[in-house]
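So the sequences go chain by chain: A and B. 6 is the number of the first residue of the first sequence in our numbering; add one for each residue after it. 539 is the number of the first residue of the second sequence in our numbering; add one for each residue after it. We put the CB at the ideal spot given by N, CA and C, even for glycine. Notes for the one structure printed next.
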Amino acid sequence: MSQPAANNNETPIEQVLYKKREKIYPREVHGIFAALRLLAMAALLGIYYGLPWINLDGHQAVLFDLPARKFHIFGLTFWPQDFFYLSMLLIIAAISLFMFTTLAGRLWCGYACPQTVWTEIYMWIERKIEGTARQQKKRDQGPHDAAYFGVKATKHGAWLLFSLWTGFTFVGYFTPIKELWGHLLSWNLGPWETFWIFFYGFATYGNAGFMREQVCIYMCPYARFQSAMFDHDTLVISYDEMRGNPRGSRRRGTPSAEVGLGDCIDCGLCVQVCPVGIDIRDGMQYQCIGCAACIDVCDDVMDKMGYPRGLVKYTTEHALQGQPTKVIRPRLLVYIAILTFVTGALVYGLLTRIPLEVDIIRDRNVLYTETDAGLVQNVYNLKLINMYDKKQSYRLSVSGLDGLQVIGQTEGIEIESGAVADLPLRIEIDPVELKSSSSEIRFHIESETTPEIVIDEHARFLGPVAR
Amino acid sequence: MSTLPATRSDKNQLPVVQQIVSVMWPSFLTASLATVIFFTLFDPVELGMIGGFPDLTRTGGYTIGFFCFWLLTSISCALTCYFRRPTNREIHPNSTTKS
Chain A
6 MSQPAANNNE
16 TPIEQVLYKK
26 REKIYPREVH
36 GIFAALRLLA
46 MAALLGIYYG
56 LPWINLDGHQ
66 AVLFDLPARK
76 FHIFGLTFWP
86 QDFFYLSMLL
96 IIAAISLFMF
106 TTLAGRLWCG
116 YACPQTVWTE
126 IYMWIERKIE
136 GTARQQKKRD
146 QGPHDAAYFG
156 VKATKHGAWL
166 LFSLWTGFTF
176 VGYFTPIKEL
186 WGHLLSWNLG
196 PWETFWIFFY
206 GFATYGNAGF
216 MREQVCIYMC
226 PYARFQSAMF
236 DHDTLVISYD
246 EMRGNPRGSR
256 RRGTPSAEVG
266 LGDCIDCGLC
276 VQVCPVGIDI
286 RDGMQYQCIG
296 CAACIDVCDD
306 VMDKMGYPRG
316 LVKYTTEHAL
326 QGQPTKVIRP
336 RLLVYIAILT
346 FVTGALVYGL
356 LTRIPLEVDI
366 IRDRNVLYTE
376 TDAGLVQNVY
386 NLKLINMYDK
396 KQSYRLSVSG
406 LDGLQVIGQT
416 EGIEIESGAV
426 ADLPLRIEID
436 PVELKSSSSE
446 IRFHIESETT
456 PEIVIDEHAR
466 FLGPVAR
Chain B
539 MSTLPATRSD
549 KNQLPVVQQI
559 VSVMWPSFLT
569 ASLATVIFFT
579 LFDPVELGMI
589 GGFPDLTRTG
599 GYTIGFFCFW
609 LLTSISCALT
619 CYFRRPTNRE
629 IHPNSTTKS
């Protein structure tokens with residue numbers, strides 16, 4: 006290996022005015038980290054494409070039922086009123102991201118980010134149809150003949166099919182996927198569903214097929230602020246300059262000392278495999294998504310040369326400077342503390358959550374009426390929402406004033422899962438029992454079927470004060 | 539939607555992708571957020587009833603709402619981009635308009 010194969014990758018991406026972005030042809034990598042990434046991707050894509058098809062008790066296990074304004078997540082049903090839990094979940098996600106970034110740098114970007122995962126899949130499809138990076142480049146620079154267009158059309162066809170399936174799955178999280186599939190087969194999709202399938206499919210096609218690393222460089226907010234979470238003990242991918250420089254080619258198996266060079270043979274492979282087109286040997290760069298492809302490929306080269314592995318490796322700045330790396334540090338402990346607290350609060354909230362919502366609305370037209378029997382009557386309208394995932398039967402009682410009578414249904418109030426019931430109630434009392442013109446009464450509603458569902462709500466009872 | 543025309547002396551001009559992205563993407567993110575918050579509070583079907591669109595479905599309402607938000611937020615992003623364009627890069631004393 007003499008000079009590095011000329012490649013466009015070495016030219017910086019943010020260049021001059023209106024220069025078109027050079028397409029990056031990353032070379033395929035094999036190795037430990039490539040295998041790990043593959044594993045992570047298979048798991049994540051498996052979850053994404055598989056989850057909507059899983060049923061639980063005859064319902065789709067995960068369904069963000071927007072048309073019905075309900076979220077079903079493994080047997081739990083969330084209502085717009087439960088927005089609070091969603092925001093807690095988002096806080097947990099954000100803090101976890103911060104914590105992992107502090108600990109191990111851009112793990113998220115390299116292994117779990119949808120942009121990375123889908124880009125990998127699209128590149129994989131591209132490689133299956135167009136061949137290796139070298140073949141792709143040669144084709145792109147060669148004549149645009151029938152064969153060229155044939156290959157390109159096949160690739161875009163495959164990409165589009167995959168995109169549409171992705172879009173279909175996406176919509177399947179919001180409308181029951183089996184019904185959606187039925188509609189699709191009978192060519193009977195609703196206009197909005199069709200629109201979103203195409204919209205999401207198109208976004209995937211564009212982002213994973215064309216935009217690729219530009220999404221990370223120009224669009225991703227995380228890529229811009231992640232360095233704020235870095236310190237000298239954060240795991241980063243780095244080239245060992247002390248060991249590698251001066252770089253230069255030499256015959257296979259020659260000890261570096263013999264030729265007066267460092268261990269880097271300047272083969273340029275680390276640049277060729279880079280999906281964002283940077284040279285890791287130039288030091289830390291914000292474009293680096295931490296995919297570890299350069300580690301895998303360099304380890305391979307080191308093996309061939311008979312040098313120890315790890316010229317490019319996961320390391321910390323402290324380690325590179327020959328200092329010990331501290332894993333436990335205050336910043337990390339703070340993240341862990343916040344994370345534990347918020348997760349605990351969420352779990353507690355979910356465990357003690359009562360899946361019943363009661364609204365008591367007093368009749369607005371009349372304050373009170375007096376019956377023929379001389380009793381004072383107030384009219385209420387109870388709105389009960391059964392947020393439990395099964396049909397429930399409730400009973401209710403009212404207390405707070407002596408001798409009050411409830412007229413209306415107080416037992417066997419049956420409400421389907423997710424349904425709302427309106428329950429008109431009249432409450433009567435002998436006016437001598439009234440101590441003031443407005444007294445507090447307590448509605449006690451409990452489930453006859455599920456004893457832990459109990460709610461107490463307060464309301465006012467109005468009437469004349471007995472003199 | 540290419541936002542800014544090239545000015546001759548402008549060496550700090552952003553790449554086209556970045557220009558498009560800096561309008562469409564932040565507005566997309568904020569529009570998504572606005573959509574989630576807005577429709578958590580308001581039911582599109584009820585809004586449709588009030589607004590004179592009794593046939594509006596929820597999915598349709600969400601979609602229209604999202605794109606209205608996106609349109610608005612992208613207008614504000616585009617204006618930001620437009621206004622942060624430097625003016626009077628070259629000052630020529632005693633000469634009138636020269637771009």
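Taking one beta carbon from each stretch, the stretch 298-306 of chain A and the stretch 33-43 of chain A have 3 or more pairs nearer than 8 Å; the two touch. Counting along the chain, the unbroken beta strand (DSSP E) around residue 410(A) starts and ends at 410-412.
Beyond the five residues adjoining it in sequence on each side, residue 344(A) comes within less than 8 Å, by CB distance, of 97, 100, 101 and 104 in the same chain, given in chain order. Contact check for residue 114(A) against residue 295(A) passes: the beta carbons are separated by less than 8 Å. Contact check for residue 405(A) against residue 445(A) passes: the beta carbons are separated by less than 8 Å.
The beta carbons of residue 190(A) and residue 319(A) sit about 48 Å from each other, so the pair does not count as a contact at 8 Å. Residue contact check for residue 608(B) against chain A: no CB pair falls below 8 Å. The alpha carbon of residue 314(A) has as its nearest neighbour, out of 269(A), 123(A) and 338(A), the alpha carbon of 269(A). In the DSSP annotation of this structure, the continuous segment of the alpha helix (DSSP H) that includes residue 124(A) starts and ends at 119-135. Taking a 10 Å sphere around the C-beta of residue 149(A), we find fewer than 16 other C-beta atoms and assign the residue as exposed.
Taking residue 271(A) as the centre and dropping the five residues before and after it, the same chain places the C-beta of 9, 252, 253 and 254 closer than 7 Å to its C-beta, in chain order.
Annotation for residue 237(A): no beta strand (DSSP E) segment contains it, and DSSP assigns it neither H nor E.
Nearest Cα to residue 395(A) within the set 422(A), 380(A), 402(A) and 415(A): 422(A). Interface annotation, residue 600(B): in contact with chain A, CB-CB separation under 8 Å. Distance from the Cα of residue 612(B) is smallest, within the candidate group 600(B), 552(B), 570(B) and 554(B), for 570(B). Residue pairing of residue 389(A) in beta bridges, as defined by DSSP: 363(A) and 426(A). Using a Cβ-Cβ cut-off of 8 Å, residue 573(B) does not count as an interface residue toward chain A, since no Cβ of chain A sits closer than that to its own. Chain B has a Cβ within less than 8 Å of the Cβ of residue 74(A). Contacts between residue 559(B) and chain A, judged by CB atoms closer than 7 Å, involve 223 and 224 in chain order. Annotation: residue 290(A) has no Cβ neighbours in chain B at a cutoff of 9 Å; minimum Cβ distance is about 17 Å. Remark: three or more beta-carbon pairs, one from each stretch, lie closer than 8 Å, so the stretch 598-610 of chain B and the stretch 573-585 of chain B are flagged as touching. According to the DSSP assignment, residue 464(A) belongs to the beta strand (DSSP E) that extends over 459-467. Of the candidates 153(A), 127(A) and 368(A), the residue whose Cα lies closest to the Cα of residue 385(A) is 368(A). The criterion of a C-beta distance shorter than 8 Å is satisfied by residue 603(B) and residue 573(B).
Its Cα nearest to that of residue 447(A), the residue 465(A) stands out among 434(A), 440(A), 465(A) and 458(A). Between the alpha carbons of residue 346(A) and residue 91(A) lies a distance of about 16 Å. Where residue 560(B) is concerned, there is no enclosing beta strand (DSSP E), although the alpha helix (DSSP H) around it starts and stops at 554-579. Three or more Cβ pairs closer than 8 Å define a contact, and the stretch 231-239 of chain A meets that threshold against the stretch 105-112 of chain A. DSSP places residue 399(A) in the uninterrupted beta strand (DSSP E) bounded by 397-404.
Proximity of residue 85(A) to chain B, defined by a Cβ-Cβ separation below 8 Å, is satisfied.
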